Each structure stands twice: as C-alpha cells, then as structure tokens.
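Below is one structure, written out as structure tokens; comments come after it.
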Amino acid sequence: MQIFRLTTFKPAMTVLSTVFAVSLMTGCAAKIANIDYIELEATKDAAMADESAAKSIQRAQMNIELGKSENLAYFAPRHLKLAQEKLLEARGLHTSGKPDGEVKPVAMASKKTLEAGLATKKLVIKTLRPALKHKQKLEEIKADKYYPENFNTVSATIVELIDLIEAGKIREAQLGQKKLLPLMHDNEVETIEFIQLQPIKDQLAAIKELNGDGIAPKSWAFAQKTLQQAQGVIDKTPRAKKQIMSATHDAQRATDHAKVITDFSNEINDANSDNAEAIALRVERWLYRVSVALNNEDIRHRPFDEQAATLATEVKKLMNKAK
Numbered sequence: 000m001q002i003f004r005l006t007t008f009k010p011a012m013t014v015l016s017t018v019f020a021v022s023l024m025t026g027c028a029a030k031i032a033n034i035d036y037i038e039l040e041a042t043k044d045a046a047m048a049d050e051s052a053a054k055s056i057q058r059a060q061m062n063i064e065l066g067k068s069e070n071l072a073y074f075a076p077r078h079l080k081l082a083q084e085k086l087l088e089a090r091g092l093h094t095s096g097k098p099d100g101e102v103k104p105v106a107m108a109s110k111k112t113l114e115a116g117l118a119t120k121k122l123v124i125k126t127l128r129p130a131l132k133h134k135q136k137l138e139e140i141k142a143d144k145y146y147p148e149n150f151n152t153v154s155a156t157i158v159e160l161i162d163l164i165e166a167g168k169i170r171e172a173q174l175g176q177k178k179l180l181p182l183m184h185d186n187e188v189e190t191i192e193f194i195q196l197q198p199i200k201d202q203l204a205a206i207k208e209l210n211g212d213g214i215a216p217k218s219w220a221f222a223q224k225t226l227q228q229a230q231g232v233i234d235k236t237p238r239a240k241k242q243i244m245s246a247t248h249d250a251q252r253a254t255d256h257a258k259v260i261t262d263f264s265n266e267i268n269d270a271n272s273d274n275a276e277a278i279a280l281r282v283e284r285w286l287y288r289v290s291v292a293l294n295n296e297d298i299r300h301r302p303f304d305e306q307a308a309t310l311a312t313e314v315k316k317l318m319n320k321a322k
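So the sequence shown is residues 0 to 322, counted in numbering that gives the first Met the number 0.
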C-alpha cells in the first residue's frame, strides 16, 4: 500500500492546455507577426541591393545556418520554417532561369524572416525567462524521468507560449506563463518529494502491512507526522537542500523506530507460554551485556526498569570522570 500526496496537477494542466489550444486556433491565420511588413522590407532591400540573385541566395543560406546554430527551431520555429521555405522558393526560381528581379525579393524575404526570428528569440527569452529557467531546473532534477507525463505537458505548454509570441500575442503568452509557473512548482515538488521520501513511504507501507498502525499506533502516528512535516518543507521550499535533508533524516529515523517497535510488538503479541520467557530473557541479556561492559555487579534479579536506571547512573559516572 502506497502513501501518496493528493494533487490537482493533471486536471489543471488539461484546462491550461485547452486555453492555449483556443488561443492558438484564433491566431493561426498569420504564420508570424508582421509578415506583411517583413515582405515589404524585403522587396525594398532587394531593389536596393547591388548584388546578384545567387549572392542573395548565398546570404539567405548563411542566415539559415545562423538560425539553426541559435536554436531557432525551438525559440522561433515558425520564422525558421518560413525562412527555409522562402530560400527553397528562391532557389527554385533561380534554377528555372527567372530574372534576378523575381528571385532576389524571395531570397531577401528569407533573410529578413530569419532576422525577425533572431529578434523573436530575444523576445521569447525576455518574456518567458521565469518559465525557461524553471524548465532548466526541472531538467536538472530529472523531472522528465520521474514524472514524464507532467514534465512533457509543461514542456509542450512552453512551446505553445513561444508560438503565441511568434504570432505577436505577447499578453496572452504572459498570462499563460502566469498560470504555468505554479504547475511547474508542483512538478518540481512532486519530483523532489519522490526522490527524497518515496523510500520512506514504501517502508511505511510495508510497516502498515505488518499492522504497524494497529500494534504500534503511537510510533506509527509519529512516523506519519514527521513524513508530513518533510512533505511540508519540500512543498514550501523545494530547493532548500539543508532543510529538506534534515526533515528527511527525521522522517527516516521515525520510520525506522516505528519498524523496530512494530516488529517487537508483533513478537510479544504472538508470544505464547512456550516462547514468552525466551523474549524476557533476551531483554535481560541485552541489559546484562551493558552491565558486564561497565564491570557492574550482577543485578539481573531486579526489574528491568531498575536495571536500566542503575546502568544509566554508572554511565553518567564514567562520563563525568572522563571530563
């Protein structure tokens, strides 16, 4: 039996994706923002450029390579794709023998579109800096490994935000990011919690199978409490490594203690006339071993609590002498 944190991550993501889908459907008429202006400028520059069509194509090709090296496939994919299409069109026109006056504006449109893509990349980084940085953090902690569905939804949503920016819908992208960031926090929290606390949750589940919650209720409840405290630390500050390590340590100790008490309680509970004395004698041997190590007199005839108190007093005496 597993112990899980309740989360609304997936339903929230579904709603968010629906919102983006509607936004993108309404913005699909134009491939990129200001495309008419880009083509107009390309026509003007082509008319003024003192170079051949072949040279214009060469320059456009160089820009395409620059765009690839700048990862426009991620930061401005529409711009890169359109620039590549324009370059292919210009090459086709040139190969078919069309005059330079027809080829150069198309090649220049490719170049101008790519330059607009580079500018869009800067705008994307500026606008989506919080989301992009958070995505990098999710990659560092391997959220894609532990919760791939949620991570992939986050990644896909960022791509949709970029698409909005390419379409000139900056305000929509900003609002989308505002909705996305809390869900990225959830993805980070669930990943850190899994890494830090899943072994403890599994151990508690195993203890429960041994009736730990029934046979050792106080120890079980305390272990549950420390687990919840660790979850609270992670939920509030998932990057506070020292605090998380401390809370995880406390939860692990409490869980180990619950296991010890559960095991011994079950042993006592299952005891009968044949083995009850053996359990008592085993406890006696534990105390006697300490007594021998302290060179104390044999006090096995006294109740266990008195033996423990006497041995504790002897230990304190030794510690005081050592100071």
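Beta carbons are placed, not taken as given, at the ideal position from N, Cα and C, and that holds for glycine.
As the structure is a prediction and not an experimental result, all values here were calculated from the model.
Open item on the list: Given this structure, state the Cα-to-Cα distance separating residue 196 from residue 284, to the nearest angstrom.
Closed with: For residue 196 and residue 284, the distance between alpha carbons rounds to 36 Å.
TODO: Output the distance between the C-alpha atoms of residue 291 and residue 278, rounded to the nearest integer angstrom.
DONE: Residue 291 and residue 278: Cα-Cα distance of roughly 20 Å.
Open item on the list: So, for residue 103: in the same chain, excluding its five sequence neighbours on each side, which residues have a beta-carbon less than 7 Å away from its beta-carbon?
Closed with: Around residue 103: 45, 48, 52, 55.
TODO: Please classify residue 96: does DSSP put it in a helix, a strand, or coil?
DONE: DSSP places residue 96 in coil when its eight states are reduced to three.
TODO: Helix, strand or coil for residue 231, going by three-state DSSP, please let me know.
DONE: For residue 231, the three-state secondary structure derived from DSSP is helix.
TODO: Note down, in chain order, each residue of its chain lying with its Cβ closer than 8 Å to the Cβ of residue 286, except the 5 sequence neighbours on either side.
DONE: Excluding sequence neighbours, residue 286 sits near 299, 303, 306, 307, 310.
TODO: Ignore the nearest five residues each way along the sequence and tell me which others in residue 188's own chain have a CB closer than 7 Å to its CB.
DONE: Here the set comprises 233, 234, 237.
- [ ] Have a look at residue 289 and residue 256 and give me their C-alpha separation to the nearest angstrom.
- [x] Between residue 289 and residue 256, the C-alpha separation is close to 21 Å.
- [ ] Would you tell me roughly how many angstroms separate the C-alpha atoms of residue 142 and residue 186, rounded to the nearest one?
- [x] The C-alpha of residue 142 lies about 7 Å from the C-alpha of residue 186.
Task: Rounded separation between residue 322 and residue 313 - CA only - done: Here the C-alpha atom of residue 322 lies approximately 15 Å from the C-alpha atom of residue 313.
Open item on the list: Going by C-alpha to C-alpha distance, which of 230, 40, 167, 228 sits closest to residue 106?
Closed with: Nearest of 230, 40, 167, 228 to residue 106, Cα basis: 40.
Task: Contact belief for residue 172 with residue 160 at Cβ below 8 Å, rounded distance in angstroms - done: About 5 Å separates the two Cβ atoms, so the contact holds.
- [ ] Decide yes or no for the touch test of the stretch 249-268 against the stretch 151-170: beta carbon pairs closer than 8 Å, at least 3 of them.
- [x] No: fewer than three Cβ pairs fall under 8 Å.
Open item on the list: So the candidates are 218, 215, 246; which of them puts its Cα closest to the Cα of residue 230?
Closed with: Each of 218, 215, 246 was checked against the Cα of residue 230, and the nearest Cα belongs to 246.
Task: Cβ separation of residue 122 and residue 164, assumed to be a contact under 8 Å, to the nearest whole Å - done: Correct: roughly 6 Å between the Cβ atoms.
Open item on the list: Using a 10 Å radius around the Cβ and a threshold of 16 neighbouring Cβ atoms, would you call residue 116 buried or exposed?
Closed with: Residue 116 comes out buried.
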